[in-house]
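Asks: Let me begin by handing over the structure; questions about it come next.
Numbering (the numbering used here), first residue to last: 6 to 261.
See below:
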């Protein structure tokens with residue numbers, strides 16, 4: 006039986022406190038994009054088409070599309086990430102008439118996971134998902150996906166000592182690999198891990214572990230991983246990602 010979802014009106018209908026001043030055309034495009042997110046056409050965690058592609062689709066200027074995306078970002082519908090694109094952060098609400106609501110409500114929210122999941126549990130979950138995610142990405146990444154990954158790597162390799170910036174770029178690099186699988190379920194699963202790691206208590210611990218020497222080591226590893234993905238060398242890419250998480254596990258044990 007297929008999932009059913011309640012129709013949800015755009016948040017700006019009821020909440021005008023964050024309402025930026027925009028033209029009717031901008032709001033119309035934002036509303037139409039929201040409808041696509043609410044319908045599941047673009048699920049949570051997926052990257053939406055580039056501004057130029059949306060401009061062609063809507064028959065409007067890139068400036069208008071940019072304003073519509075910024076409008077959506079104001080309400081947390083999308084997340085704008087420089088150098089990476091725009092991603093859906095909206096999650097559909099399951100229908101109140103769906104008989105499985107009572108069961109699915111037992112699944113913890115991200116905030117609950119942050120409070121209850123241990124670093125060990127996080128590392129185990131990542132080490133299980135990441136190798137298969139990397140294998141699929143190496144096979145299915147488009148030329149554009151690979152170019153995006155390269156851009157992420159260039160930004161990451163420019164960091165020397167800024168552990169907070171590096172930690173963010175490290176996660177964005179891994180999310181780029183997740184998106185490269187073109188599998189919305191894998192993207193959503195890794196997005197959950199990504200969101201947990203972005204929580205202040207997790208981010209702070211990670212930043213403290215990122216010494217200049219550790220940053221350099223990860224940069225070299227990610228360069229090798231990128232090279233393997235670009236060459237479509239599945240075996241090497243998977244071996245590198247396993248080594249990456251094995252090192253993370255050792256760091257966790259040492260720090261504890």
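Every residue, glycine too, gets a C-beta built ideally from N, C-alpha and C. Here the structure is a predicted model, which means the values were calculated and not measured.
Provide the residue(s) that pair with residue 84 in DSSP beta bridges, ordered along the chain.
Replies: In DSSP, residue 84 forms a bridge with 92.
Asks: With a threshold of 6 angstroms, establish whether the CB of residue 187 neighbours any heavy atom of the ligand PLP.
Replies: As far as ligands go, the structure on display features none, and thus does not contain the ligand PLP.
Asks: To the nearest angstrom, how far is the alpha carbon of residue 126 from that of residue 135?
Replies: Roughly 14 angstroms between the two C-alpha positions.
Asks: Using 8 angstroms for Cβ pairs, my map puts residue 73 next to residue 38. What's the rounded Cβ distance?
Replies: Confirmed, about 7 angstroms.
Asks: Thinking just about the alpha-carbon of each residue, which of 198, 251 and 150 is nearest to the one in residue 234?
Replies: Taking only the C-alpha atoms, the option nearest residue 234 is 150.
Asks: Is residue 105 helix, strand or coil when you go by DSSP?
Replies: Any reading at residue 105 must be qualified, since the residue scores a pLDDT of 47, below 50, and its modelled position is unreliable; the value itself is stated next. Note: residue 105 maps to coil in three-state DSSP.
Asks: So residue 53 packs on residue 60, CB below 8 angstroms; how close in whole Å?
Replies: That belief does not hold up - the Cβ atoms of residue 53 and residue 60 are roughly 13 angstroms apart, past 8 angstroms.
Asks: Measuring CA to CA, which of 33, 217, 246 and 245 is closest to residue 171?
Replies: Looking at the Cα atoms, 217 is the closest of the given residues.
Asks: Quick check on DSSP: helix, strand or coil for residue 184?
Replies: DSSP places residue 184 in helix when its eight states are reduced to three.
Asks: Can you tell me the Cα-Cα spacing of residue 240 and residue 140, whole angstroms?
Replies: Going from the Cα of residue 240 to the Cα of residue 140 covers about 8 angstroms.
Asks: Helix, strand or coil for residue 52, going by three-state DSSP, please let me know.
Replies: Strand at residue 52.
Asks: How should residue 29 be labelled, buried or exposed, when 16 other C-beta atoms within 10 angstroms of its C-beta is the threshold for buried?
Replies: With fewer than 16 other Cβ atoms within 10 Å, it is exposed.
Asks: Is there contact here, the stretch 80-96 with the stretch 45-52, by at least three beta-carbon pairs under 8 angstroms?
Replies: Result yes; three or more Cβ-Cβ pairs closer than 8 angstroms.
Asks: Would you decide whether residue 243 is buried or exposed? Buried here means 16 or more other CB atoms lie within 10 Å of its CB.
Replies: With 16 or more other Cβ atoms within 10 Å, it is buried.
Asks: Excluding sequence positions up to five away, which residues of its chain have a Cβ less than 8 angstroms from the Cβ of residue 62?
Replies: Closer than 8 angstroms at Cβ, skipping near neighbours: 54.
Asks: Can you round the beta-carbon distance between residue 131 and residue 198 to whole angstroms, since I take them to be within the 8 angstroms contact cut?
Replies: Right, the Cβ-Cβ distance comes to about 6 angstroms (below 8 angstroms), so this counts as a contact.
Asks: Mapping the DSSP letters down to three states, classify residue 165 as helix, strand or coil.
Replies: Coil.
Asks: Using only CA atoms, which one of 33, 154, 189 and 68 lies nearest to residue 177?
Replies: Of 33, 154, 189 and 68, the residue nearest in Cα terms is 154.
Asks: For residue 246, which residues in the same chain have their Cβ closer than 7 angstroms to its Cβ, ignoring the five residues on either side in sequence?
Replies: Only 135, 136, 139 and 230 meet the Cβ criterion.
Asks: Using the Cα positions of residue 16 and residue 34, report the straight-line distance between them to the nearest angstrom.
Replies: Cα-Cα distance, rounded: 14 angstroms.
Asks: Mind checking if residue 202 is an interface residue toward chain C, Cβ cutoff 7 angstroms exclusive?
Replies: Among the chains of the structure shown, chain C does not appear; only one protein chain is present.
Asks: Considering only residues of the same chain and omitting the five flanking positions on each side of residue 266, which have a CB-CB separation below 6 angstroms?
Replies: What the structure shows of the chain is the stretch from 6 to 261, and residue 266 is not part of that stretch, so it cannot be assessed.
Asks: Measuring alpha carbon to alpha carbon, tell me which of 164, 250 and 152 ends up nearest residue 263.
Replies: Missing from the structure shown is residue 263; the chain here goes from 6 to 261 and no further.
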